[in-house]
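Engineer: Top to bottom, those sequences are chains A and B. Numbering that gives the first Met the number 0 numbers the first residue of the first sequence as 0 and each following residue consecutively. Numbering that gives the first Met the number 0 numbers the first residue of the second sequence as 0 and each following residue consecutively.
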Amino acid sequence: MDIGDLKKQADLSYNIAIAKRNALEKAHSRMVLVYSEHIFRADPETICLVRTLKETNDKLFVLDTNNNPVEIQDPTDFLSKLIERNQESLNSYHQIYKTFEKKGD
Amino acid sequence: MTRGVLLFCFDTEHTKYHKILERCVRLIKMNIGVEITVVTNFSTYQKMSPMGFINYKFIDPELGNKLHGNPWNNVDRHMAYELSPYDTTMVMDIDYFCFSDHLAQFFDTHYDFLVTDKAFDLSGRDVFDDERKWSLIPMVWATILLFKKNKKVKKIFDMVKYVKQNYLYFTELYRIYAKNLRNDYVSAIALQQINGFVGYEKFPFALPTLPRDCEVMEITDKGLVWKCKDEINTVANQDVHVLNKEIYDV
């Protein structure tokens, strides 16, 4: 590999790394969900918590992103929206990620 | 309950802010879908292209503030409470481009006042981490504020006015080195004071931001292409706060 190829490859890798970092941040940002007038993050922790609590409770109390307690009247609906937002965000990230693989070939 | 976005736009001799506003308004209409009110002066208004149904409020901007040696008419934000015709208002910098509907959902929250406290450097260099680290209080980014009209929020804006009047004193007190008036610092100081130094509620995301030395090469309704040093990169379907004001030429 001559120095020109090396620079080209290094620049490409750098651009992909920045794009990947930005796409991940975009996914994290997109996971923010407003429900019942409060803000939540549709991350694995929240999804697992709601799913676990839902097994034994008809109504739940969870903390929003500002640590305010919120009563969730319909846990099934809440869980469904959390999962929907989580998967929508990650699906979008996945689509972008596939373009990186092509660029790296 | 009425809701809308409030924008401040005043041209200077160096920067055609009205051109930036036109892009910002178009994206808000496409992606946020709420009413828009623009606070401007008549000379700036005369240069604006027709943007469809939006409201205007005319004021004479307070002069004297500077950014990198150039005039910067940004010190009227403290009047947002009085100028907003809405029950729930999102105040937004006109260089924040909504390429997604991300912000729309926050109008449905119960919070009285929300602000962001983090910026995400899209160029990957994390240049914003160093800028504010000497301050004795946590800083915020007043690029986006969401507030409801009530007694509590009125007191916050009264505090903002007080901080603005005594800005040099507060910058000394809290070891803020920038001496030009920045809404970020005024808001941070006011929120710290009015909330009894124990923190306040925030948006749970970092503002995706392109630093000043990144040049925007192309903008569409979906995103933008930018260049930083020799590297070219893109952002699509993600909001972006663009600090390079030469964007009006793109």
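C-beta atoms are modelled at their ideal positions from N, C-alpha and C, and glycine is treated no differently. Everything numeric in this text was worked out from a predicted model, so none of it was measured.
Excluding the five sequence neighbours on either side, which residues of its own chain have a C-beta within less than 8 Å of the C-beta of HIS77 (chain B), listed in chain order?
Structural biologist: If we look at HIS77 (chain B) and ignore the five residues flanking it on each side, its Cβ neighbours are PHE156, VAL159, LYS160, LYS163, VAL185.
Engineer: Quick one, are the C-beta atoms of ASN14 (chain A) and ASN243 (chain B) less than 8 Å apart?
Structural biologist: In this structure, ASN243 (chain B) does not lie closer than 8 Å to ASN14 (chain A) by Cβ.
Engineer: Name the two residues that bound the continuous beta strand (DSSP E) containing ASP183 (chain B).
Structural biologist: Premise fails: ASP183 (chain B) lies in the alpha helix (DSSP H), 182 to 193, not in any beta strand (DSSP E).
Engineer: What does VAL31 (chain A) reach in chain B if we use C-beta pairs closer than 7 Å?
Structural biologist: The contacting residues are PRO203, PHE204.
Engineer: Are there 16 or more other CB atoms within 10 angstroms of the CB of ASN54 (chain B), so buried, or fewer, so exposed?
Structural biologist: It is exposed - the Cβ of ASN54 (chain B) has fewer than 16 other Cβ atoms within 10 Å.
Engineer: How would you list, in chain order, the residues of chain B whose beta-carbon sits under 7 Å from the beta-carbon of ASN14 (chain A)?
Structural biologist: Here the neighbours are GLU230, ASN232.
Engineer: If the cut-off is 7 Å on Cβ atoms, which residues from the stretch 93 to 113 of chain B count as contacting chain A, listed in chain order?
Structural biologist: Listed by position, the residues of the stretch 93 to 113 of chain B near chain A (Cβ gap below 7 Å) are HIS101, GLN104, PHE105, ASP107, THR108, HIS109.
Engineer: In the DSSP assignment, find the alpha helix (DSSP H) that holds ASP120 (chain B) and state where it starts and stops.
Structural biologist: Element bounds for ASP120 (chain B): not the alpha helix (DSSP H) but the beta strand (DSSP E), 118 to 120.
Engineer: Nearest by alpha-carbon distance to LEU113 (chain B): which of B:LEU144, B:SER99, B:SER134 is it?
Structural biologist: It is B:LEU144 whose Cα lies nearest to the Cα of LEU113 (chain B).
Engineer: Do we get a CB-CB distance below 8 Å when we pair HIS37 (chain A) with the residues of chain B?
Structural biologist: Answer yes: the Cβ-Cβ gap between HIS37 (chain A) and chain B drops below 8 Å somewhere.
Engineer: From which residue to which residue does the alpha helix (DSSP H) around THR51 (chain A) run?
Structural biologist: Here the alpha helix (DSSP H) through THR51 (chain A) covers 43 to 55.
Engineer: Closest by CA to VAL234 (chain B), which one among B:ILE246, B:GLU217, B:PRO60?
Structural biologist: It is B:GLU217.
Engineer: Going by alpha carbons, who is nearest to ASN67 (chain A) out of B:HIS101, B:PRO49, B:THR108?
Structural biologist: Nearest of B:HIS101, B:PRO49, B:THR108 to ASN67 (chain A), Cα basis: B:THR108.
Engineer: First and last residue of the alpha helix (DSSP H) that includes ALA26 (chain A)?
Structural biologist: Per DSSP, ALA26 (chain A) belongs to the alpha helix (DSSP H) from 2 to 29.
Engineer: Can you pull the chain B residues whose beta carbon is under 8 Å from the beta carbon of ASN90 (chain A), in chain order?
Structural biologist: None at all; the shortest Cβ gap to chain B is about 12 Å.
Engineer: Assess contact between the stretch 190 to 210 of chain B and the stretch 9 to 17 of chain B, defined as three or more Cβ pairs (one per stretch) separated by less than 8 Å. Is contact present?
Structural biologist: Verdict: no, contact absent.
Engineer: Which residues bound the beta strand (DSSP E) around CYS97 (chain B)?
Structural biologist: No beta strand (DSSP E) contains CYS97 (chain B), which DSSP labels as neither H nor E.
Engineer: Using only CA atoms, which one of A:LYS19, A:LYS101, A:VAL33 lies nearest to LEU81 (chain A)?
Structural biologist: When each option's Cα is compared against that of LEU81 (chain A), the closest is A:VAL33.
Engineer: Would you be able to state if there are at least three C-beta pairs under 8 Å between the stretch 167 to 178 of chain B and the stretch 57 to 69 of chain B?
Structural biologist: The stretch 57 to 69 of chain B vs the stretch 167 to 178 of chain B: no contact.
Engineer: Determine whether the Cβ of SER132 (chain A) lies closer than 8 Å to any Cβ atom of chain B.
Structural biologist: Because chain A here runs from 0 to 104, residue 132 (chain A) falls outside it and cannot be looked at.
Engineer: Check whether the Cβ atoms of ARG40 (chain A) and LEU78 (chain A) lie closer than 8 Å to each other.
Structural biologist: Against a cut-off of 8 Å, the Cβ pair of LEU78 (chain A) and ARG40 (chain A) comes out as no contact.
Engineer: LYS123 (chain B) touches chain A at which residues, Cβ-Cβ below 9 Å?
Structural biologist: In the sequence under discussion, the amino acid at residue 123 (chain B) is Gly, which differs from the Lys named in the question. Going along chain A in sequence order, the residues near GLY123 (chain B) (Cβ under 9 Å) are TYR13, ALA16, ILE17, ARG20, ASN21.
Engineer: Any contact between the stretch 19 to 31 of chain A and the stretch 81 to 97 of chain A? By contact I mean 3 or more CB pairs, one from each, below 8 Å.
Structural biologist: Yes: at least three Cβ pairs fall under 8 Å.
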